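J.:
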Amino acid sequence: MDDLTVQFPDEDLALVDRLADERGCSREEAVREAVRRGAGEELTRVALDRYRDGTIGMRGAANIAGTTIVDLMHEANDRDVLKNDDETRLAGDVEALR
């Protein structure tokens with residue numbers, strides 16, 4: 087495991103401390119978990135933004151998000167990314183799954 091030194095503003099460090107207290111873990115563990123979840127969420131957001139913009143298809147978006155096409159389609163639906171105007175593109179993505 088590599089080391090990483092990061093400076094936090096006081097208010098962010100207070101959040102880390104609260105998280106560590108609530109989870110009953112160390113600051114290090116709290117930061118690792120928060121980064122893991124936050125980075126995963128940010129990758130999903132970037133992937134769905136690019137899909138919505140039409141720069142990539144659902145397969146490319148799933149690769150960015152590090153998930154399956156089916157799981158990302160569920161996430162896209164939950165976030166109202168899949169709309170009727172995406173019907174043609176979605177049909178192509180469904181066909182690619184077959």
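First residue of the sequence shown: 87, per my numbering; consecutive thereafter. Where a beta carbon is used, it is the ideal one built from N, C-alpha and C, also for glycine. Quick caveat, the model's predicted, so the values are computed rather than measured.
(1) Grab me the residues of residue 127's own chain with a C-beta within less than 7 Å of its C-beta, minus the 5 sequence neighbours each way, in chain order.
(2) Which first and last residues belong to the alpha helix (DSSP H) in which residue 168 is found?
(3) What whole-angstrom Cβ distance do residue 196 and residue 154 have, given they're in contact under 8 Å?
(4) How long is the line joining the alpha carbons of residue 114 and residue 89, rounded to whole angstroms?
(5) Quick check: is any heavy atom of the ligand GDP less than 7 Å from the C-beta of residue 132?
(6) Might you give, ordered along the chain, the residues of its own chain that have their beta carbon closer than 6 Å to the beta carbon of residue 159, omitting 5 neighbours on each side?
(7) Of the residues 124, 120, 184, which one's Cα is nearest the Cα of residue 145?
(8) Within 10 angstroms of the Cβ of residue 134, are there 16 or more other Cβ atoms? Answer buried if so, exposed if not.
T.: According to the structure shown:
(1) Taken in chain order, the list of residues that qualify is empty.
(2) Element bounds for residue 168: n/a, residue is neither H nor E.
(3) Summary: the structure shown does not reach residue 196, with the chain confined to residues 87 through 184, and so no result is reported for it.
(4) 11 Å
(5) This structure lacks the ligand GDP; in fact it carries no ligand of any kind.
(6) Nothing listed; no residue qualifies.
(7) The option with the nearest alpha carbon to residue 145 is 184.
(8) buried
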